[in-house]
Amino acid sequence: MRYLIIFLFGFLFAIDVYIPENAVYYANFFKDSEFKVKFYKNIDKIDLNNSLAVVPFGFIPEILKNNYRILAPLEREDEYIVSNVKLDRIKTVANPTFATKIFFSSLDNNIIFKKASIRDFFRKKIDAIVLNKPIKNYYEYDLKSFGLEFNRFYLIASNGFINKKSDMIEETVENIEESPLFKPNLVYKSFIVSSVYLNKKINFDELLYENYIDNHISRKVLKVIVTPNWPPFDFIEERELKGIGVDFWRLLAKKANLDYEFILESYWPNVLKQIKEGKADITINTSETKDRKEYAVFTKPYMKFPLALVCRKNVQENDIYKLKIGVGKDFTAEKLMKKHYPKINLTEKKNTIEALKNVENGKIDCVVDSLPVLIYLVNKNNILNVKLYKKLPIDFKLQIMIRKDLVYLRDKLNDAIDKISDEEKNTIVSKYIGLIDEEIVKHKKEKILNLLILIILIIVIVILIYKYFRIHKIANYDKLTKIYNRNILSKELKKLLNHRGSVIYFDIDHFKNINDTYGHEKGDFVLKELAKIIKNNIREDDFFGRWGGEEFLIILPYTSYFEAIIVAEKLRKIIESHDFDGIKVTSSFGVTYVKKDDNEETLLERVDRALYEAKNSGRNQVKGIL
28 MRYLIIFLFG FLFAIDVYIP ENAVYYANFF KDSEFKVKFY KNIDKIDLNN SLAVVPFGFI
88 PEILKNNYRI LAPLEREDEY IVSNVKLDRI KTVANPTFAT KIFFSSLDNN IIFKKASIRD
148 FFRKKIDAIV LNKPIKNYYE YDLKSFGLEF NRFYLIASNG FINKKSDMIE ETVENIEESP
208 LFKPNLVYKS FIVSSVYLNK KINFDELLYE NYIDNHISRK VLKVIVTPNW PPFDFIEERE
268 LKGIGVDFWR LLAKKANLDY EFILESYWPN VLKQIKEGKA DITINTSETK DRKEYAVFTK
328 PYMKFPLALV CRKNVQENDI YKLKIGVGKD FTAEKLMKKH YPKINLTEKK NTIEALKNVE
388 NGKIDCVVDS LPVLIYLVNK NNILNVKLYK KLPIDFKLQI MIRKDLVYLR DKLNDAIDKI
448 SDEEKNTIVS KYIGLIDEEI VKHKKEKILN LLILIILIIV IVILIYKYFR IHKIANYDKL
508 TKIYNRNILS KELKKLLNHR GSVIYFDIDH FKNINDTYGH EKGDFVLKEL AKIIKNNIRE
568 DDFFGRWGGE EFLIILPYTS YFEAIIVAEK LRKIIESHDF DGIKVTSSFG VTYVKKDDNE
628 ETLLERVDRA LYEAKNSGRN QVKGIL
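First residue of the sequence shown? That's 28 in my numbering, and the numbers climb one at a time after it.
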C-alpha cells in the first residue's frame, strides 16, 4: 500500500484531493506528500473539473449522469438482506440502500421500503432488514453473491481533467490496477447493474462487457425449473432428479461453465408462469411456440423425438379427427397438434399420466405426447388396456427455454450444444430408453413386494414418530408444568450470549410453607397455575421454563435491562393479585442483562445475586444488577 501511495504522489503532484469529512482516514494516503488534501461536507461545492475526489457510494447516480471516470474503488461494502421469510415472499424491507433497491428492482415482488429498527424485525413487523453482517437462524442474502459488489468510496475525476493530465492519469491507473488494495473489476460490475436500474445506457467497450459476462453473469446461479413427472425426460427416482433432459442440461451447463439450481414444479403451466414472471430463469424440456416467444428465447434443438398416439385397445377409428384425444395442458404436444391438426378434438389434462388413466377407464379415446414418454409411462404404471395407435409425422424438438432478459445465455448454450458429440447423445438417450424395457420386467416382480414394504414402512414411521415426540417432550419439557426444563433453558442461555438480551430469575416466596400447610397436591397446583399465568403474559419470542423446584427462568432476547425490569414488575403484580384457589402467592424477582464478556456461569451468578437481594429485602419485589 505504501508503494502505491508513493507512486500516486509522484504522478499527482500538486493536485487537490477532496475527501469526505466522514472518511478522514484517507488523508493518510497523502501524508508527507505535496498533495493538497481538502475535506468537504457538500460535494456540490467541489470543482471536479480540476481535482480528484473521494466520493461516497451514494454518489453513483451522479457519476453515471456526468460520466465521471472511476480511478479506483475503495473499501468493499458488505451488505446482507436478513429475512424472516424466503426471498420470493419478501414484501417489506427496512432501511434499504441503493444496492438493495437495485437488487429488488429485478424481482416482481411489489416491495415496500421503510425505516424500521432491528427490534421491529425480530417482532416480525417487517419481512426483511438490510444489515452489514448476517444474523444466525434467519434467511440471509449476501448482495455480492448476486453480483452486486459495491465499494464505500470511489476515487474519481472528470474526463476533462483526465484529458489534461492524460500521461499522469494513465500511468497512475495502471499502477492502481496492479495494486491488491484497489480492485477496479468491482466497479464494472456495480456500474453495469446500476445503469440498468437507472435506465441509463452506458457505453462500455466490448472487451470489458464480455469480461463482465464471463466473470459475473456466467457465475449467476441460474434457477432451472422442471416438472419431475414427465419421464423419461425428467423424473425423480431414489430421491434423485433424473432423465434425458436433465442429463443433457447437466452436460450443457458443464460445457458452458454455468452454475444452477433445480426448482421442482409439478404443474407445467406454473413452469411457464414462473419463467414469464422472472421467478425462474430456464426450463429444459420444451419447444419454441409463438406465444412463448413473447417472454422467452430458445436454443437450437438438442434432440428430437416423434409425437405418438396411444389409444384404448378397442379403438378402431382411422380418422384422427373423430377421436377424443387427451393432452397435457399447455404442453408443447398440444401446441404442435393444434398447429398441424387445427380441428382436432383435444381435451386438456393436468399431465400425461392423468390422460393415460382417462384412456384406460374410457373417458377419452387416446393420449398424445412424445413417443418415449408414452412408452415409459405405460410400462411404468402397468396400464394394460392400451396400444400404440400410431407415430405422427411431427417431431418434438427438445429446446432450452430462457427468460427473455437473459438472452445472452442463448449463444453460450448454442455453442455448448454444438460441442455435444454423437457418442454423448447416444449415451444419454440409450441410458433411459434401456430403462423402459427394464421397467416392464421390474414392475411385475416388485408390485406385490412394494405393497408389503409400504405397509411395513407406514407402521415403522408411526412408531418412530410416536417415539420421537415422546423423547423430545421428556428431553425438553418439565413433566409437571409442561413448560421448558433446565436442559432447554441452558441451551437458550448459550445462544443469548451471542446476542443482546436480559434474564429474569424468580421463585415463589415461602413455597415450603404452602406445601406444609396445604399439602403437596396444592403445591403442585400453585406451580402449574403460576406457569400458565407467566406463559400467557410474556412474548412468543421469550423462553420461559422451570429451573428447579419453585425457581423459574425467563430469557428475553433483544430486550434491554430497563425493559426487563418493567416486565418483571408486571409479572410480580399479576402473581400477587391472582387467586390461587384461596392461597396467597407472591414471588421475588432478580433481573440482569448480558454483558460482552459473560459466560453462562457469570450470567447466572449475577441474576442469582439479584434474586437474593430481592428475597433479603423483604420478598415480593424486583431487584436488578447490571
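Note that beta-carbon positions come from the ideal geometry of N, C-alpha and C, so glycine has one too.
Identity of the residue in Tyr-287, Ala-307, Glu-288 and Ile-162 nearest Pro-296 by Cα: Position 269 of the sequence shown, counted from the start, is the residue given in the question as residue 296. Scanning Tyr-287, Ala-307, Glu-288 and Ile-162 for the CA closest to the CA of Pro-296 turns up Ala-307.
Alpha carbon to alpha carbon, what distance is there between Asp-449 and Lys-327? In the sequence shown, counting from the first residue as 1, residue 327 sits at position 300. In the sequence shown, counting from the first residue as 1, residue 449 sits at position 422. Taking the straight line joining both Cα atoms gives about 16 Å.
Please say whether Lys-113 and Tyr-165 have beta carbons closer to each other than 8 Å? Reading the sequence shown from its first residue, position 138 is the one you call residue 165. Reading the sequence shown from its first residue, position 86 is the one you call residue 113. No, Cβ-Cβ distance for Tyr-165 and Lys-113 is not below 8 Å.
Euclidean distance between Cα positions of Phe-148 and Thr-613: Here the question's residue 148 lines up with position 121 in the sequence shown. Here the question's residue 613 lines up with position 586 in the sequence shown. Spanning the two alpha carbons is a distance of roughly 35 Å.
Note down, in chain order, each residue of its chain lying with its Cβ closer than 7 Å to the Cβ of Asn-186, except the 5 sequence neighbours on either side. Position 159 of the sequence shown, counted from the start, is the residue given in the question as residue 186. Here the set comprises Asn-94 and Arg-96.
Do Trp-574 and Arg-636 have their C-beta atoms closer together than 8 Å? The residue you call residue 574 lines up with position 547 of the sequence shown. The residue you call residue 636 lines up with position 609 of the sequence shown. Not closer than 8 Å, so no.
Thinking Lys-424 and Lys-331 are a contact (beta carbons under 8 Å), I'd like their distance in whole angstroms, please. Numbered from its first residue, the sequence shown carries residue 424 at position 397. Numbered from its first residue, the sequence shown carries residue 331 at position 304. About 5 Å separates the Cβ atoms of Lys-424 and Lys-331, confirming a contact at the 8 Å cut-off.
Going by C-alpha to C-alpha distance, which of Ile-486, Gln-301 and Thr-619 sits closest to Ile-581? Walking along the sequence shown from the start, residue 581 turns up at place 554. Considering only Ile-486, Gln-301 and Thr-619, the residue with the shortest C-alpha distance to Ile-581 is Thr-619.
By the three-class DSSP mapping on this structure, what secondary structure does Tyr-459 have? Walking along the sequence shown from the start, residue 459 turns up at place 432. In this structure, Tyr-459 counts as helix in the three-state DSSP scheme.
Look up Ser-529 in the DSSP assignment and give the residues it is bridged to. The sequence position of residue 529 within the sequence shown is 502, counting from 1. DSSP output for Ser-529 lists Leu-583 and Tyr-620 as bridge partner(s).
By Cβ distance, which residues of its chain are closer than 6 Å to Arg-646, with the 5 residues on each side in sequence left out? For this step, residue 646 is matched to residue 619 along the sequence shown. Excluding positions up to five away in sequence, the list reads Asp-536 and Ser-615.
Cutoff 7 Å; reference Arg-437; Cβ partners in own chain excluding five residues on either side: Looking up residue 437 in the sequence shown gives position 410. Here the set comprises Val-324, Thr-326 and Ile-429.
Check whether the stretch 298-317 and the stretch 380-390 touch, using three or more Cβ-Cβ pairs below 8 Å as the test. Because the criterion of three Cβ pairs below 8 Å is not met, the stretch 298-317 and the stretch 380-390 do not touch.
Over the uninterrupted alpha helix (DSSP H) stretch that includes Ser-604, give me the two end residues. Within the sequence shown, residue 604 is the residue found at index 577, counting from 1. Boundaries of the alpha helix (DSSP H) around Ser-604: 588-604.
From which residue to which residue does the alpha helix (DSSP H) around Tyr-435 run? The count along the sequence shown starts at 1 and reaches residue 435 at position 408. Looking at the DSSP string, the run of the alpha helix (DSSP H) that includes Tyr-435 is 435-445.
Quick test of the definition: if touching needs 3 or more C-beta pairs under 8 Å, does the stretch 524-542 touch the stretch 593-613? The answer is yes - the stretch 593-613 touches the stretch 524-542, with three or more Cβ pairs under 8 Å.
For Thr-454, count neighbouring Cβ atoms within 10 angstroms of its own Cβ and tell me buried if that reaches 16, exposed if not. Numbered from its first residue, the sequence shown carries residue 454 at position 427. Thr-454 sits exposed, since fewer than 16 C-beta atoms from the chains shown fall within 10 Å of its C-beta.
At least 3 beta-carbon pairs within less than 8 Å: the stretch 338-356 vs the stretch 397-406: They do not touch, by the three-pair rule.
Nearest neighbour of Thr-310, chosen from Ile-347, Glu-264, Lys-349 and Pro-255 [CA to CA]: As a first step, residue 310 must be located in the sequence shown, where it is residue number 283. Comparing Cα-Cα distances from Thr-310 to each of Ile-347, Glu-264, Lys-349 and Pro-255, the minimum goes to Pro-255.
Please classify Ile-139 as buried or exposed, where buried requires at least 16 neighbouring CB atoms within 10 angstroms. The sequence position of residue 139 within the sequence shown is 112, counting from 1. The residue in question, Ile-139, is exposed, as its Cβ has fewer than 16 Cβ neighbours within 10 Å.
7 Å Cβ shell around Ile-486 - same chain, five flanking residues per side excluded: The residue labelled residue 486 in the question sits at position 459 within the sequence shown. Excluding sequence neighbours, Ile-486 sits near nothing in its chain.
Cβ-based neighbour list, Phe-552, same chain, cut-off 7 Å, excluding 5 preceding and 5 following: In the sequence shown, the residue the question calls residue 552 occupies position 525. Excluding sequence neighbours, Phe-552 sits near Asp-608.
Bridge partners of Glu-578, per DSSP? Stepping through the sequence shown from its first residue, residue 578 is reached at position 551. Paired residue(s): Asp-534 and Gly-575.
Whether or not the stretch 99-115 and the stretch 60-79 are in contact is what I'm after, with contact meaning three or more pairs of Cβ atoms, one per stretch, closer than 8 Å; do they touch? By the C-beta criterion, the stretch 60-79 is judged not to be in contact with the stretch 99-115, since fewer than 3 inter-stretch pairs fall below 8 Å.
Fully enclosed by the stretch 110-171, which alpha helix (DSSP H) runs are 4 residues long or longer? If only complete runs of 4 or more residues are kept, the stretch 110-171 shows the alpha helix (DSSP H) at 125-132 and 145-149, in order along the chain.
Unbroken alpha helix (DSSP H) run spanning Ala-280, endpoints: Start at 1 with the first residue of the sequence shown, and residue 280 comes out as number 253. From DSSP, the alpha helix (DSSP H) with Ala-280 extends over 271-283.
Could you pull the start and end residues of the alpha helix (DSSP H) that Thr-359 belongs to? Taking the sequence shown and counting its residues from 1, one reaches residue 359 at position 332. In the DSSP assignment, Thr-359 falls within the alpha helix (DSSP H) that extends over 359-367.
May I ask you to report which of helix, strand or coil DSSP gives Ser-517? Mapped onto the sequence shown, residue 517 falls at position 490. The answer is helix: DSSP assigns Ser-517 an H, G or I state.
Look at the alpha carbon of Lys-269 and the alpha carbon of Pro-259, and state the distance between them as a whole number of angstroms. Numbered from its first residue, the sequence shown carries residue 269 at position 242. Numbered from its first residue, the sequence shown carries residue 259 at position 232. Rounded to whole angstroms, the gap between the alpha carbons of Lys-269 and Pro-259 is 8 Å.
For Cys-393, which residues of its own chain have a beta-carbon under 8 Å away from its beta-carbon, when the five flanking residues on both sides are left out? Translated into positions along the sequence shown, residue 393 becomes position 366. Here the set comprises Leu-336, Val-337, Cys-338, Arg-339, Val-342, Leu-350, Lys-351, Ile-352, Gly-353, Val-386 and Tyr-416.
Could you tell me how far apart the beta carbons of Tyr-588 and Leu-653 are, in whole angstroms, since I believe they sit closer than 8 Å? Here the question's residue 588 lines up with position 561 in the sequence shown. Here the question's residue 653 lines up with position 626 in the sequence shown. Right, the Cβ-Cβ distance comes to about 6 Å (below 8 Å), so this counts as a contact.
Return the first residue and the last residue of the beta strand (DSSP E) that Ile-610 is part of. What you label residue 610 is simply residue 583 of the sequence shown in a count that begins at 1. Per DSSP, Ile-610 is not a residue of any beta strand (DSSP E), being assigned neither H nor E.
Less than 8 Å separating the beta-carbons of Val-248 and Phe-289? One-based indexing of the sequence shown puts residue 248 at position 221. One-based indexing of the sequence shown puts residue 289 at position 262. Cβ distance not < 8 Å, so Val-248 and Phe-289 don't count as in contact.
For Val-489, does the count of other Cβ atoms within 10 angstroms reach 16, so buried, or fall short, so exposed? Taking the first residue of the sequence shown as position 1, residue 489 is located at position 462. Label assigned to Val-489: exposed.
So for Gln-301, helix, strand or coil by DSSP? Position 274 of the sequence shown, counted from the first residue, corresponds to residue 301. The three-state reading of DSSP puts Gln-301 in helix, counting H, G and I together.
Could you tell me the alpha carbon to alpha carbon distance between Tyr-52 and Phe-66, rounded to whole angstroms? Position 25 of the sequence shown, counted from the start, is the residue given in the question as residue 52. Position 39 of the sequence shown, counted from the start, is the residue given in the question as residue 66. Taking the straight line joining both Cα atoms gives about 11 Å.
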